[in-house]
Structures are given as structure tokens and as C-alpha cells.
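Engineer: Counting in numbering that gives the first Met the number 0, the sequence shown runs from 0 upward without gaps.
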Amino acid sequence: MGSRLLIGVVAVLLTISPGSATSVLDRILEYGVLRVGTTGDWIPMSVRDPNTEQYSGYDIDLMKALAADMGVKVEFVRMDWGNLVKGLEAGLYDVTTSASLTPYRATKAGFSESYFTVATVPVTLRANEGRFNTWNDLNRPGVVIAATMGTSQEKQIEELFPQADHRIVVTPRRDYEEVLAGRADAHITSDVEAIKLVETYNELMIVPVEAPRAPSPVALMLPRTDQVWINFVNTWIRFRKERGFFEDLSKEWKLARR
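Printed below as a string of C-alpha cells:
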């Protein structure tokens, strides 16, 4: 079934469903705009150029494809990690770009099916090479570990490093900036971002730990109670998976593993 036909069938079913409440899907199709909440600071998923205010990345291409298949325009709404779920609850946007699926987040928001998996790794300065080699090397009093407020790593930092000192930063600052500035010994982030960070900043390196930890499925966040909209997005993800879209997108953005 073609994507245009898929949209048409869903639209018809919505109009004939007796007693169904209005869904976000109805509004998107009526007004022709898909509003997407995104932070613009997760390399290489969603990156905002401060000069042009334009977005690029894996997630941006994903959302443009979703909007194109729906026959609507896409509008990106900037939001920090700490308020990403709140913005969704307040109706500021219809869906968010990729976020790690966690039980806590799932109490506040709905999630689509997952299409990618990330894991957590620590990043430090190259000047610290030899000082930190294992997870235990980082989990010591006096070692400062940074994470960004609102990210899944904010919760993980307590679990992974109970003995270390924690430094939680608020966007627009990012945790890796604390490492670069010497205010933190290391920070934790997704493996896909860590790879891009060390390519961008020669001063940084991924700590050669035994293995990444806290593997997490990645998915889109949607309004928790709007099952019609969630069902449609899941249908679209399955449709696109069968066409090889997500595999091609990962290759395009070089989402390689360590």
C-alpha cells in the first residue's frame, strides 16, 4: 500500500468512527502542519545552527519524511530536555524527535515503536588517558561526572557513579562543555553522540570502558492518551522499516557503533 493511500485510509476511518474523540492526527491533517518538539543539541540526531536557526540530523530527516508521507508541512519547535515532556503535555507540539524510552518518561508520555537503540558511554579529556580506563575508575570520590538535566543520563549518573561527585547542567549548556572547560572529569552520553563528539573535538576521547551500559530503545514521544495518533505513527514506522528507510538513514548519518 502506498504511503498516500495509507494516509487516505486512516483519514476515512477517522471520519466514520462513531463517538471517537478528536485526535492530534485530525488536527494535523486539517491544518496541514506537523509540529515537532526538538532540543537541537543531540549530535547527530538533532542539531540547530544558531546562525541560520535551521535544524539538521537523523531526526530532522526522519520527521521530514513523516510529514511528507502525511502530505503536510513540518514545523520544528525548540525545547530543552528538562521541559520536553512538559511541552508535549501542554500541546506545544504533536510529537518529539528521538528520545530514550525509560519507564519514568513512559508515565508522562506515550512512545512509538522503537527504531534504534543507544547505550551509554563516558567521555573525558585526552589528557586523562590512562587515568580512567574502567567504569570503576570513574566511580570514586572526588571524580566529577557531568550530565545534562532532563536527559536519561541525568538518572543514570546516580546509578552508575554513586561514589563520584555529580554535576548536572541546564541547557543551553551541555555536559561535554563542562569537560572541555575543566569543570568535570567526564560526562556520560549516548554512544552515537560520543562518536561524533570525539570527531568534532580533538581534546575529547571515549573512556575505554569494558562495554557500554544502560542500553535503551529510542522512539518518538507522543501525547500519552492519544492512541489514534500513536497507532498511526507506529503504522508509519512499520511501513518505513519494511522499505529500509531507517537502515538507510542510519548509514547516511553514520550512526556506527564503537
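Heads up, the beta-carbon is just placed ideally off N, CA and C, and yes, glycines get one too.
For methionine 204, report the span of its beta strand (DSSP E) as first-last.
Structural biologist: Position 205 of the sequence shown holds residue 204. Methionine 204 -> beta strand (DSSP E) spans 203-205.
Engineer: By alpha-carbon positions, which one of Val227, Leu87, Glu52 and Leu159 ends up nearest to arginine 34?
Structural biologist: Residue 34 sits at position 35 when you count from the first residue of the sequence shown. It is Leu87.
Engineer: Looking at the strands, I want to know which residues DSSP matches up with proline 216.
Structural biologist: For the purposes of this step, residue 216 is taken as the residue at position 217 of the sequence shown. Paired residues: Thr116.
Engineer: Note down the Cα distance separating lysine 107 from methionine 204, rounded to an integer number of angstroms.
Structural biologist: Here residue 107 corresponds to residue number 108 of the sequence shown, with the count starting at 1. Here residue 204 corresponds to residue number 205 of the sequence shown, with the count starting at 1. Near 35 angstroms, if we compare the C-alpha coordinates of methionine 204 and lysine 107.
Engineer: Rank Glu153, Thr147, Glu112 and Ser215 by C-alpha distance to the C-alpha of phenylalanine 238 and give the top, closest one.
Structural biologist: The count along the sequence shown starts at 1 and reaches residue 238 at position 239. The candidate whose alpha carbon is nearest that of phenylalanine 238 is Glu112.
Engineer: For phenylalanine 110, which option in Thr101, Thr116 and Ala118 has the closest C-alpha, if you only look at C-alpha atoms?
Structural biologist: Your numbering for residue 110 matches position 111 in the sequence shown. Ranking the options by Cα distance to phenylalanine 110, first place goes to Thr101.
Engineer: So, at 7 angstroms on beta carbons, what are the nonlocal neighbours of asparagine 201 in its own chain, with the 5 sequence-adjacent residues on each side left out?
Structural biologist: Taking the first residue of the sequence shown as position 1, residue 201 is located at position 202. Excluding sequence neighbours, asparagine 201 sits near nothing in its chain.
Engineer: On the DSSP bridge assignment, give the partners of arginine 77 in chain order.
Structural biologist: Counting from 1 along the sequence shown, the entry for residue 77 is found at position 78. Its beta-bridge partners are Thr37.
Engineer: Assuming threonine 123 and aspartate 184 are in contact, meaning their beta carbons sit under 8 angstroms apart, how far apart are those beta carbons, in whole angstroms?
Structural biologist: Counting from 1 along the sequence shown, the entry for residue 123 is found at position 124. Counting from 1 along the sequence shown, the entry for residue 184 is found at position 185. Threonine 123 to aspartate 184, Cβ: 6 angstroms. Contact.
Engineer: DSSP beta-bridge partners for proline 121?
Structural biologist: On the sequence shown, position 122 is the one that residue 121 refers to. Proline 121 is bridged to Ile187.
Engineer: Is the beta carbon of isoleucine 187 sitting closer than 7 angstroms to the one on alanine 146?
Structural biologist: Working through the sequence shown from its first residue, we reach residue 187 at position 188. Working through the sequence shown from its first residue, we reach residue 146 at position 147. Yes. Within cutoff.
Engineer: So which of Ser22, Glu251, Asn132 and Asn230 has the shortest CA-CA distance to proline 258?
Structural biologist: The displayed coordinates of the chain run from 0 to 257. Any statement about residue 258 would go beyond what the structure contains.
Engineer: According to DSSP, is phenylalanine 245 helix, strand or coil?
Structural biologist: Taking the sequence shown and counting its residues from 1, the one referred to as residue 245 is at position 246. Of the three classes helix, strand and coil, the one that applies to phenylalanine 245 here is helix, per DSSP.
Engineer: Between which two residues does the beta strand (DSSP E) harbouring isoleucine 27 extend?
Structural biologist: Against the sequence shown, residue 27 aligns to sequence position 28. Per DSSP, isoleucine 27 belongs to no beta strand (DSSP E); it is in the alpha helix (DSSP H), 23-30.
Engineer: In whole angstroms, what separates the C-alpha of threonine 170 from that of leucine 179?
Structural biologist: By 1-based counting over the sequence shown, the position of residue 170 is 171. By 1-based counting over the sequence shown, the position of residue 179 is 180. So the alpha carbons of these two residues sit roughly 16 angstroms apart.
Engineer: Just the Cα atoms here: how many angstroms apart are glycine 149 and arginine 242?
Structural biologist: Looking up residue 149 in the sequence shown gives position 150. Looking up residue 242 in the sequence shown gives position 243. Taking the straight line from one Cα to the other gives about 33 angstroms.
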